[in-house]
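Q:
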Amino acid sequence: MDRSNTIRVGHIPALTWNSLKMNEGVLPEVLSLNTGTDIRFQSLPEGVTHKKMTMQQAQDWIIKNAPGQEAERFVAGKVPIYHPQTFGTGLGAEFEEFMNASCPRCDLLEVSEGVKVVGPLSWHIDFNDGNRAASSQIIHLGENASMTLVLDYASDRDAAGLAALSTRIVLERGASLTFVTAQTLGRGFLHLSDIGASQAAGSHLEIVELDLGGKDCFTGIQAEQMGRGAVLRGHMGYMAVEDQTVDINYNVVQRGKKTVSRFDFDGVLSDRGKKSFRGTIDFRNGACGAVGNEQESVLLMSPDVINKTLPIILCEEEDVEGAHGATIGRLSEDMLFYMTSRGIDRKTAERIIVRARLDAVAAKVPVQALKEKLTAFIEETFSDEHAD
Amino acid sequence: MANQKVDDIDRSFYDFRYEEKEDFYRMREGLTEEIVREISEAKHDPKWMLDLRLKALEIYNKQNIPNWGAPIDGLNMDNISTYVRNKADMKRSWDEVPDDIKNTFERLGIPQAERESLAGVGAQYDSELVYHNLQKEVADQGVVYTDLESALTGEFEQMCKDYFMKLVPPTDHKFAALHGAVWSGGSFVYVPKGVKVEVPLQSYFRLNARGAGQFEHTLIIVDEGADLHFIEGCSAPKYDESNLHAGCVELYVKRGAKLRYSTIENWSKNMYNLNTKRALVDEDAVMEWVSGSFGSHVSYLYPTTILRGRNSHCEFTGVTFAGAGQNLDTGARMVHIGANTSSFINTKSICKSGGISTYRSSVEIKKTARGAKAAVSCGSLMLDSKSRSDTIPAVVVETNDADVGHEATIGRISDDAVFYLMSRGVSEEEARAMIVSGFASDVSKELPLEYAAEMNNLIKLEMENG
Numbered sequence: 012m013d014r015s016n017t018i019r020v021g022h023i024p025a026l027t028w029n030s031l032k033m034n035e036g037v038l039p040e041v042l043s044l045n046t047g048t049d050i051r052f053q054s055l056p057e058g059v060t061h062k063k064m065t066m067q068q069a070q071d072w073i074i075k076n077a078p079g080q081e082a083e084r085f086v087a088g089k090v091p092i093y094h095p096q097t098f099g100t101g102l103g104a105e106f107e108e109f110m111n112a113s114c115p116r117c118d119l120l121e122v123s124e125g126v127k128v129v130g131p132l133s134w135h136i137d138f139n140d141g142n143r144a145a146s147s148q149i150i151h152l153g154e155n156a157s158m159t160l161v162l163d164y165a166s167d168r169d170a171a172g173l174a175a176l177s178t179r180i181v182l183e184r185g186a187s188l189t190f191v192t193a194q195t196l197g198r199g200f201l202h203l204s205d206i207g208a209s210q211a212a213g214s215h216l217e218i219v220e221l222d223l224g225g226k227d228c229f230t231g232i233q234a235e236q237m238g239r240g241a242v243l244r245g246h247m248g249y250m251a252v253e254d255q256t257v258d259i260n261y262n263v264v265q266r267g268k269k270t271v272s273r274f275d276f277d278g279v280l281s282d283r284g285k286k287s288f289r290g291t292i293d294f295r296n297g298a299c300g301a302v303g304n305e306q307e308s309v310l311l312m313s314p315d316v317i318n319k320t321l322p323i324i325l326c327e328e329e330d331v332e333g334a335h336g337a338t339i340g341r342l343s344e345d346m347l348f349y350m351t352s353r354g355i356d357r358k359t360a361e362r363i364i365v366r367a368r369l370d371a372v373a374a375k376v377p378v379q380a381l382k383e384k385l386t387a388f389i390e391e392t393f394s395d396e397h398a399d
Numbered sequence: 023m024a025n026q027k028v029d030d031i032d033r034s035f036y037d038f039r040y041e042e043k044e045d046f047y048r049m050r051e052g053l054t055e056e057i058v059r060e061i062s063e064a065k066h067d068p069k070w071m072l073d074l075r076l077k078a079l080e081i082y083n084k085q086n087i088p089n090w091g092a093p094i095d096g097l098n099m100d101n102i103s104t105y106v107r108n109k110a111d112m113k114r115s116w117d118e119v120p121d122d123i124k125n126t127f128e129r130l131g132i133p134q135a136e137r138e139s140l141a142g143v144g145a146q147y148d149s150e151l152v153y154h155n156l157q158k159e160v161a162d163q164g165v166v167y168t169d170l171e172s173a174l175t176g177e178f179e180q181m182c183k184d185y186f187m188k189l190v191p192p193t194d195h196k197f198a199a200l201h202g203a204v205w206s207g208g209s210f211v212y213v214p215k216g217v218k219v220e221v222p223l224q225s226y227f228r229l230n231a232r233g234a235g236q237f238e239h240t241l242i243i244v245d246e247g248a249d250l251h252f253i254e255g256c257s258a259p260k261y262d263e264s265n266l267h268a269g270c271v272e273l274y275v276k277r278g279a280k281l282r283y284s285t286i287e288n289w290s291k292n293m294y295n296l297n298t299k300r301a302l303v304d305e306d307a308v309m310e311w312v313s314g315s316f317g318s319h320v321s322y323l324y325p326t327t328i329l330r331g332r333n334s335h336c337e338f339t340g341v342t343f344a345g346a347g348q349n350l351d352t353g354a355r356m357v358h359i360g361a362n363t364s365s366f367i368n369t370k371s372i373c374k375s376g377g378i379s380t381y382r383s384s385v386e387i388k389k390t391a392r393g394a395k396a397a398v399s400c401g402s403l404m405l406d407s408k409s410r411s412d413t414i415p416a417v418v419v420e421t422n423d424a425d426v427g428h429e430a431t432i433g434r435i436s437d438d439a440v441f442y443l444m445s446r447g448v449s450e451e452e453a454r455a456m457i458v459s460g461f462a463s464d465v466s467k468e469l470p471l472e473y474a475a476e477m478n479n480l481i482k483l484e485m486e487n488g
């Protein structure tokens, strides 16, 4: 197909060899929408408000309320590779332009200063076969507010379409957000998840992301740690089976003193599954005492899989600690031997180990019913399609 | 122990120069077909080589400057002379080498190193080899170590034709194409089957001319079951205008053979070092790279190893020190093609005084490389917040029958470690210097310092009296 009109997403902030085809993701089709999403909450806790805005109003809100970020074109010593955004997101400027032009509205969910929301707030979106829909939301937590938000979107297993989601998170001083997303779309879906976060001093953001369905999945997270002591913790689980592709771009910019980031990525590739991971820890000058760590673990189940990993550390501050690690390979023969010696046949043992890897991420989902649904989805995938 | 501190590398040892005299020939600046033809004629190229040069020039003109890596805006080919040579021919007796050139290499300790610990030595001054020698007992084993130009027209012409720029074709990238068009000088080495060269061979490259480029080509074939250690050193005096080094190294390690290729690079800070090195490793063969990058204004250097044969193995050990005014983009690439191949990359980067260090690598496990194993370990040490250190390692795996591990760390000198040493009576500055030395030691201990006196002056984590 002619891809000249498709958009590029998830640019890394420092390019590497073009021959590796890892500098960005390229969408497999031209984006267009044919319907919208309708988000309603039956009731909201006290101190939490939900408001619908046009995309222009959303842009104005971001400019007025989000802490100012540098619209960067350069990283010192690098070629100009940033595509400037007023509010940085993981998928980047071209996807933002598409959303601004095509998405009908943006939902603003706000938690007032000091409000501690008890229990998780759930947000479910159903996609039907043939739906090509987008959803944009801004989540704003005032000073010292806290909330757990669960965003769950799904469709029938055989459904096809487009699910494009944009989530921008603004955490004021001392705010705390646990943001859980779980995607179980049909095998014909193009899935795009774009997250941008801005963290003021002392704020705490935990992101749990499960990308299990869809045909082609592009997910991006960019977090700007503006304030001293901001903390980001994340755990992502994904799988790519049959002809699924997963493209991940994660970028945390640590500007504030004593900021902390830690992200774990756990994935399983099977059949002809493909995955590309780009993860960047970007220590800026002045981020004294900052700590950043990213770890990736990939299980390769078939000789036809393709795994690409690009973990980047950029550093212009002496007083930091940065680390990344990756383990990519087969199931441990020692583990399989142990399990078969206990009477479990090899295929079953393989399924148990694979499920355990993804279940470890699913276990972090705070809604029991959703957790069970995700576990069942994983179970079904590896039972139906990979059993003899 | 005297008080010490960590300082920039002292390059004054290398920063001496002799002005070009009438006995030097200097090509006019720029890059045109006429210039390429003139170089080819001056070097008495065979027809196929002229054709290769012209084709490479065509490719160069079509290729873009890389959009990744350190900026090379300051490099203008219109200001670079691609061919500068002394009018004297290459000598095989040291006494016959012109005085200026001889003095240069003697100050760098090359003849002394040859006498003491090398089986053979080649010395290139600007665009041409000025001296080449191989010990008789090594030559008697059938080892060939000569300048590439001689090999091109002698009994090894067909071998040169079969291997020259086959591993690094001019289409590889813009500066490989540039090299193909204007290459000059360099060495040809052939080690016959089963021959183990007990002591190293060394080539030393010196670029003395102002505003010039050096484009030497090193072609080494280590035949089945043979063993060789080859050492390469390079330096230049500093000028205000840019100099360019776009050399090319092609290494063929045949079945069961072993090659260690050690490099100490200490170009001056006006040098753009855009060098390409590549090895093709056959079944059961072993390739080892030891690489120290200390000089140049901008470096692009990523020795690449193609593990083609079953059970072939490669290790890359590298250290990079970027000081004021330097932007050093270094690393390594491994391509696993054969079954049960294995590789290990171990690098250390240090930056201070505003220096920029980028570690860039890739490990590619192709579908055919079943049972492959690869590990990458890279550490970076920031000595101040004026500097910058980036790590950009890529891993591509196309089979499930492989195990790949990667780890990277970046940080400063540990306060705890400094405190511990200070509690043992060591001053803070001494403690920091000791820690930096320790950080680089597992790489620097692999550098063959004992083989060439010149190398003793390269790693100067200078410990000065406080």
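Which chain is which? The protein sequence lines are D and X, in order. All you need for this note's numbering is the position in the first sequence, starting with 1, plus 11. All you need for this note's numbering is the position in the second sequence, starting with 1, plus 22. Note that beta-carbon positions come from the ideal geometry of N, C-alpha and C, so glycine has one too. In this text, all values refer to a predicted model and were calculated from it rather than measured experimentally.
(1) Output the distance between the C-alpha atoms of Ile367 of chain X and Ala397 of chain X, rounded to the nearest integer angstrom.
(2) Using a Cβ-Cβ distance under 8 Å, would Gly347 of chain X count as near chain D?
(3) Is it the case that the Cβ atoms of Ile389 of chain D and Ala371 of chain D are separated by a distance below 8 Å?
(4) Consult DSSP for Gln163 of chain X and reduce its assignment to one of helix, strand or coil.
(5) Any chance you could list the beta strand (DSSP E) runs of at least 3 consecutive residues sitting entirely within the region 139 to 208 of chain D, in chain order?
(6) Given a limit of 7 Å on CB to CB distance, which residues of the region 433 to 452 of chain X reach chain D?
(7) Run down chain X in chain order and give the residues with a C-beta less than 8 Å from the C-beta of Glu329 of chain D.
(8) Any residues in the region 337 to 362 of chain D with a beta carbon nearer than 7 Å to a beta carbon of chain X? Which ones, in chain order?
(9) Measuring only the C-alpha atoms, how far is Leu223 of chain X from Cys270 of chain X?
(10) In chain X, which residues lie less than 9 Å from Glu332 of chain D when you measure between Cβ atoms?
(11) Output needed for Thr298 of chain X: all residues of its chain with C-beta closer than 6 Å, excluding positions within five of it in sequence on either side, in chain order.
(12) Which residues in the same chain as Gly224 of chain D place their Cβ atom closer than 8 Å to its Cβ, once the five residues preceding and following it in sequence are excluded?
(13) May I ask you to list the residues that DSSP assigns as paired with Cys299 of chain D?
(14) Going by DSSP, name the residue or residues bridged to Leu132 of chain D.
(15) Specify the secondary structure class of Met312 of chain D as computed by DSSP and reduced to three states.
(16) In chain X, which residues lie less than 8 Å from Leu216 of chain D when you measure between Cβ atoms?
(17) Between the region 298 to 329 of chain D and chain C, which residues of the former have a C-beta closer than 7 Å to a C-beta of the latter?
(18) Is the region 114 to 121 of chain D close to the region 210 to 228 of chain D, with three or more CB pairs under 8 Å?
(19) Please return the same chain residues whose Cβ sits closer than 8 Å to the Cβ of Thr351 of chain D, not counting the five positions on each side in sequence.
(20) Check this for me: beta carbons of Glu337 of chain X and Ser318 of chain X, under 8 Å apart or not?
(21) Please go through the same chain and pick out, in chain order, the residues whose beta-carbon is closer than 6 Å to the beta-carbon of Arg48 of chain X, but skip the five residues on each side of it.
(22) Name the chain D residues whose beta carbon is nearer than 8 Å to that of Val426 of chain X?
(23) Leaving out five residues before and five after Val252 of chain D in sequence, what residues of the same chain have Cβ atoms less than 7 Å from its Cβ?
(24) Compile a chain-ordered list of the residues in the region 154 to 185 of chain X whose CB is closer than 9 Å to at least one CB of chain D.
(25) Are the C-beta of Arg59 of chain X and some C-beta of chain D separated by less than 8 Å?
(26) Kindly indicate which three-state DSSP category Leu42 of chain D falls into: helix, strand or coil?
(27) Can you tell which of X:Val211, X:Glu272, X:Leu200 and X:Gly347 has its C-alpha closest to the C-alpha of Lys188 of chain X?
(28) Check whether the Cβ of Ser371 of chain X lies closer than 8 Å to any Cβ atom in chain D.
(29) Grab me the residues of Val303 of chain X's own chain with a C-beta within less than 7 Å of its C-beta, minus the 5 sequence neighbours each way, in chain order.
(30) Measuring only the C-alpha atoms, how far is Gly185 of chain D from Arg392 of chain X?
(31) Here's the rule: buried if 16 or more other CB atoms are within 10 angstroms of the residue's CB, otherwise exposed. What is Glu108 of chain D?
(32) Which residues, in chain order, does the region 377 to 388 of chain X contribute to contact with chain D at a C-beta distance below 7 Å?
(33) Compare the beta carbon distance of Gly103 of chain D and Val20 of chain D with 8 Å and say whether it is the shorter of the two.
(34) In this structure, how does DSSP classify Arg289 of chain D when only helix, strand and coil are distinguished?
(35) So what's Ile73 of chain D in DSSP terms, helix, strand or just coil?
(36) So is Leu132 of chain D in contact with chain X if we call contact Cβ pairs under 8 Å?
A: Put simply:
(1) 6 Å
(2) no
(3) no
(4) coil
(5) 143 to 152, 157 to 165, 171 to 182 and 187 to 195
(6) Gly433 and Arg434
(7) Met404, Leu405, Asp406, Ser407, Ser409 and Arg434
(8) Ala337, Thr338, Ile339, Gly340 and Arg341
(9) 18 Å
(10) Thr431, Ile432, Gly433 and Arg434
(11) Val190, Ala198 and Cys270
(12) Ala165, Ser166, Arg168, Gln194, Thr195, Leu196, Gly197, Arg198, Phe200, His202 and Phe388
(13) In the DSSP output, where bridge partners are listed per residue, Cys299 of chain D has none listed.
(14) D:Leu160
(15) coil
(16) Going along chain X, no residue has its Cβ under 8 Å from Leu216 of chain D, so there is no contact; the nearest lies around 23 Å.
(17) The structure shown contains no chain C; its protein chains are D and X.
(18) no
(19) Arg357 and Ala360
(20) no
(21) Ser103 and Val106
(22) Ala337, Thr338, Ile339 and Gly340
(23) Ser281, Asp282, Gly284, Thr392 and Glu396
(24) none
(25) no
(26) coil
(27) X:Glu272
(28) no
(29) Val275, Met309, Thr327, Ile328, Leu329, Arg330, Gly331, Ser334 and Cys336
(30) 51 Å
(31) exposed
(32) Ile378, Arg382 and Ser384
(33) yes
(34) strand
(35) helix
(36) no
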